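Q: Below you'll find the structure I mean.
Residue numbers (this note's numbering): 52 to 172.
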């Protein structure tokens, strides 16, 4: 079974302009405050959730990756082992069973956060 892209997270220092840009593409965002400050704006493109996280005042914008992708995959442990062998890949969170399912977080060779969630067979 192919992996399924489920979400795309973009951290932004320009939330007003980003909302206007993606709004003109036809996306409708819901806004929620986040506990660390700032706001999160979420919209759906089919089954894929697009989230725009605005950096809160005083926070270093580069503290978080610009983009994070989330994939649902089969055989999480095996995939994480295989990906970890690639030069430049870093495992931030080993496969862990959480209330929302078993997941892992890696940095791809360019340093982007990639969240992997195990899909039930």
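The beta carbon of each residue, even a glycine, is placed where N, CA and C say it ideally should be.
Just so it is clear, the structure is predicted and the values come from calculations on it, not from any experiment.
Enumerate, from N- to C-terminal direction, the unbroken beta strand (DSSP E) stretches of 3 or more residues contained entirely within the segment 55 to 82.
A: Fully enclosed beta strand (DSSP E) runs of 3 or longer: 55 to 63.
Q: On the three-state DSSP scale, how would you describe residue 130?
A: Along the chain shown, one-based indexing puts residue 130 at 79. Residue 130 falls in the helix class under three-state DSSP.
Q: When you compare each of 140, 91, 89 and 97 to residue 57 by their alpha carbons, which one comes out closest?
A: In the chain shown, residue 57 corresponds to position 6, counting from 1. Considering only alpha carbons, the answer is 97.
Q: Once the 5 residues before and after residue 105 are set aside, which same chain residues still bring their CB inside 7 angstroms of it?
A: Here the question's residue 105 lines up with position 54 in the chain shown. Counting only Cβ-Cβ distances below 7 angstroms, and skipping sequence neighbours, we find 63, 66, 89 and 90.
Q: By how many angstroms is the C-alpha of residue 135 removed from the C-alpha of residue 159?
A: Counting from 1 along the chain shown, the entry for residue 159 is found at position 108. Counting from 1 along the chain shown, the entry for residue 135 is found at position 84. One C-alpha to the other measures close to 9 angstroms.
Q: Could you tell me whether the segment 76 to 86 touches the segment 114 to 128, using the rule of 3 or more Cβ pairs below 8 angstroms?
A: Touching, no, given that fewer than three Cβ pairs across the two stretches are closer than 8 angstroms.
Q: Taking C-alpha atoms, which residue in 161, 166, 100 and 101 lies nearest to residue 138?
A: Here residue 138 refers to the residue found at position 87 of the chain shown. The shortest Cα separation from residue 138 among 161, 166, 100 and 101 belongs to 161.
Q: With a 10 Å radius around its C-beta and 16 neighbouring C-beta atoms as the bar for buried, classify residue 85 as buried or exposed.
A: The sequence position of residue 85 within the chain shown is 34, counting from 1. The residue in question, residue 85, is exposed, as its Cβ has fewer than 16 Cβ neighbours within 10 Å.
Q: So residue 154 is in the beta strand (DSSP E); what residue range does that whole segment cover?
A: Here residue 154 is taken as the residue at index 103 of the chain shown, counted from 1. First-last of the beta strand (DSSP E) with residue 154: 152 to 158.
Q: When the Cα atoms are used, what is the spatial distance from residue 167 to residue 74?
A: On the chain shown, position 116 is the one that residue 167 refers to. On the chain shown, position 23 is the one that residue 74 refers to. So the alpha carbons of these two residues sit roughly 28 angstroms apart.
Q: Expressed to the nearest angstrom, what Euclidean distance is found between the alpha-carbon atoms of residue 99 and residue 149?
A: By 1-based counting over the chain shown, the position of residue 99 is 48. By 1-based counting over the chain shown, the position of residue 149 is 98. Straight-line Cα distance between these residues: approximately 21 angstroms.
Q: Thinking residue 141 and residue 127 are a contact (beta carbons under 8 angstroms), I'd like their distance in whole angstroms, please.
A: For this step, residue 141 is matched to residue 90 along the chain shown. For this step, residue 127 is matched to residue 76 along the chain shown. About 17 angstroms; that fails the 8 angstroms criterion.
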